[in-house]
Amino acid sequence: MDKIVIEGGRPLKGRVKVGGSKNSALPLMAATLLTSKKVVLSNVPDLADVKTMLRLLQALGVQTRSLFGRVNFAATKIKKNEAPYDMVRRMRASVLVLGPLLARTGLARVSLPGGCAIGARPINLHLAALEKMGAKIKLAEGYVEAKCKRLKGARIVFEKVTVTGTENIMMAAALAKGTTVLENAAREPEIVDLANLLRKMGAQITGDGTSQITIEGVDELSGATHRVIPDRIEAGTFMVAAAMTRGDVVIEDIDPLHVDALSQKLRDAGAEVQVQNDQARVIGPKVVRPVDVITDPYPGFATDLQAQFMALMAIAAGTSTITETIFENRFMHVPELKRLGADLKIKGNTVVVKGVEHLNAAPIMASDLRASACLVLAGLASKGVTEIHRVYHIDRGYESIEKKLRKLGARIRRAKVKY
Ligand code: UD1
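Using this note's numbering, the letters of the sequence shown correspond one by one to residues 1 to 419.
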């Protein structure tokens, strides 16, 4: 297993390019199951989760060819209808094949995801929506088995905003008979990206980016070529890193609108955030001001940036509160930050952060993807040498993170650990 070793205390300086969005690439890849024609995706990030999705699609019979972030998909024939436990266990987003498989072949068997480090994360809303569209759903031996002749359009009111739920049903509805209306749909940029690909494939979708999405089903979809949008969470992580190390970093190849909520909070914290076309320059403040944050579905403050922002608030000159409203257990980074000297108290779904002058290095352990990003940021701003264990989590969502940070002047390296 690997660990990351960081010699902290150096301001980050320079330019960094953000990769394609993981959370967009995964549903876009699943959407290639909807057609027998060739779909080409570019700007596909080289991440562990993307590799898992590629393996899953290949197991279902999709032929794939990858070259430098450009991936060709041909789901000429679906050979299997099952997403096995071993894949879903590794990556919950495997559940994104449920909607397209069912719509294309009339049968899908997908392992139930089970809980994960940040909460229970059920898929009941995906299943209720598919049932409303006429699917017969059975749960047996840890699997969901969904069957139908052809899905029918329906009006679906999501009880809670669900990102992958909205995506699964959009894909299923694209090939259903009749009109589907999704109410309380997710408005994330990744939803719009998926709708853009589906439209290029011939789907009839309107309203994406708002909370009401309408999909007129069609009989079949065609091939298309599409570029994955930039990763707003990777972009946001570098923005916080720049602020936290009192650095000066230009983050390139982003959509500044997608990181607007974070930009506002960073400005409130005293950072200078200059936005131009497809880049943002972040200059860290001398003194970090305390800022309260509440996570919310897009366009609110992203839960996927909550841990990173907490690391910044840990060195603010005053007390702030960070409230998590999306996942019930997303504070696994709190005890680790405390090991670095942060003063944090969990009160229900809020963490009260009393800023300290500086963090001090210590050996720490990553628990999930975004927590590991938070710990890397904390390490960059700590005095001394921080060792982060279980860093495999970070490879699920950040492409060449050490390389990119080294280019910005960080002293960071990966080393093997013998347990
Ligand atoms: C997606 C993102 C993840 C992000 C999250 C919230 C991908 C691959 N992952 O995850 O990075 O943190 O959105 O922005 O895009 N819920 C239910 N029943 C359901 C579905 C969801 O109760 O059937 C609950 C969840 O437990 C959670 C909330 O709804 O509390 C939001 O979850 P959801 O938006 O579905 O998250 P994901 O799509 O899994």
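Where is the CB? At the ideal position from N, CA and C, for every residue including glycine.
How is residue i classed by DSSP in three states: helix, strand or coil?
i, result
"aspartate 368", "coil"
"serine 400", "coil"
"glycine 14", "strand"
"leucine 192", "The sequence given here has valine at residue 192, not leucine. Valine 192 falls in the helix class under three-state DSSP."
"aspartate 2", "strand"
"valine 391", "helix"
"proline 256", "helix"
"proline 363", "strand"
"arginine 330", "coil"
"leucine 221", "coil"
"arginine 121", "coil"
"serine 263", "helix"
"glycine 99", "helix"
"glycine 379", "helix"
"leucine 344", "strand"
"leucine 408", "coil"
"threonine 35", "coil"
"aspartate 46", "coil"
"lysine 79", "coil"
The alpha helix (DSSP H) that contains residue i, what's its start and end?
i, result
"valine 240", "232 to 244"
"glutamate 336", "333 to 339"
"arginine 89", "85 to 90"
"threonine 295", "That residue, threonine 295, is in no alpha helix (DSSP H); it is neither H nor E in DSSP."
"methionine 201", "No alpha helix (DSSP H) contains methionine 201, which DSSP labels as neither H nor E."
"leucine 28", "22 to 31"
"leucine 305", "Premise fails: leucine 305 is in no alpha helix (DSSP H) and is neither H nor E."
Could you check which residue in the options has the C-alpha nearest to that of residue i?
i, options, result
"leucine 57", "Asn43, Leu67, Thr76", "Thr76"
"glutamate 183", "Ala174, Thr162, Leu198, Val192", "Thr162"
"glutamine 123", "Lys13, Gln306, Ser94", "The identity of residue 123 in the sequence shown is isoleucine, whereas the question assumes glutamine. The candidate whose alpha carbon is nearest that of isoleucine 123 is Ser94."
"alanine 381", "Ala410, Ile78, Leu28", "Ala410"
"leucine 102", "Val259, Glu145, Val62, Ala314", "Glu145"
"valine 18", "Ser372, Asp255, Tyr298", "Asp255"
"alanine 302", "Gly284, Ile283, Glu324", "Glu324"
"cysteine 374", "Gly270, Ile215, Gly236, Asp253", "Gly236"
"valine 291", "Leu305, Gly284, Met310", "Met310"
"isoleucine 322", "Val353, Pro299, Gly341", "Val353"
"alanine 129", "Ala242, Tyr143, Met171", "Met171"
"glutamate 387", "Leu96, Pro100, Lys416", "Lys416"
"glutamine 63", "Arg90, Lys407, Ala30", "Ala30"
Excluding the 5 residues preceding and the 5 following residue i in the sequence, name in chain order all residues of the same chain whose CB lies nearer than 6 Å to its CB.
i, result
"serine 263", "Val273"
"valine 40", "Asn72, Thr225"
"isoleucine 213", "Leu182, Ala185, Gly207"
"arginine 232", "His258, Val259"
To which residues of the same chain is residue i closer than 8 Å at the C-beta, ignoring the five residues directly before and after it?
i, result
"lysine 200", "Ala224, Thr225, His226"
"leucine 221", "Leu34, Thr35, Lys37, Ala174, Leu175, Leu198, Met201, Gly202, Ala203"
Residue i bridges to which residues according to DSSP?
i, result
"glutamate 324", "Answer is none; glutamate 324 lacks a bridge partner."
"leucine 107", "Lys147"
"glutamine 212", "Glu183"
"valine 157", "Glu183"
"glutamine 63", "Ala74"
"histidine 226", "Leu41"
"threonine 386", "Ile6"
"isoleucine 251", "Val16, Ala280"
Please report the residue range of the beta strand (DSSP E) in which residue i lies.
i, result
"arginine 281", "279 to 283"
"isoleucine 169", "Looking at the DSSP string, isoleucine 169 is not in any beta strand (DSSP E); the run it does join, the alpha helix (DSSP H), is 163 to 174."
"histidine 126", "Histidine 126 -> not in any beta strand (DSSP E); alpha helix (DSSP H) instead, spanning 124 to 132."
"serine 42", "38 to 42"
"threonine 418", "Note on residue identity: the sequence assigns lysine, not threonine, to residue 418. Neither: lysine 418 is in no beta strand (DSSP E) and is coded neither H nor E."
"leucine 139", "136 to 140"
"lysine 354", "350 to 354"
Just to confirm my understanding: we take residue i, look at its own chain, exclude 5 residues before and 5 after, and list those with CB closer than 7 Å. What are they?
i, result
"glycine 178", "Lys152, Gly153, Gly217"
"glutamine 279", "Val250, Ile251, Glu252, Ile254"
Quick one: is the Cβ of residue i within less than 7 Å of any heavy atom of the ligand NAD?
i, result
"valine 259", "What this structure holds is the ligand UD1, not the ligand NAD."
Please tell me whether residue i has its Cβ less than 8 Å away from any Cβ of chain D.
i, result
"proline 27", "Annotation note: the requested chain D is absent from the structure, which comprises a single protein chain."
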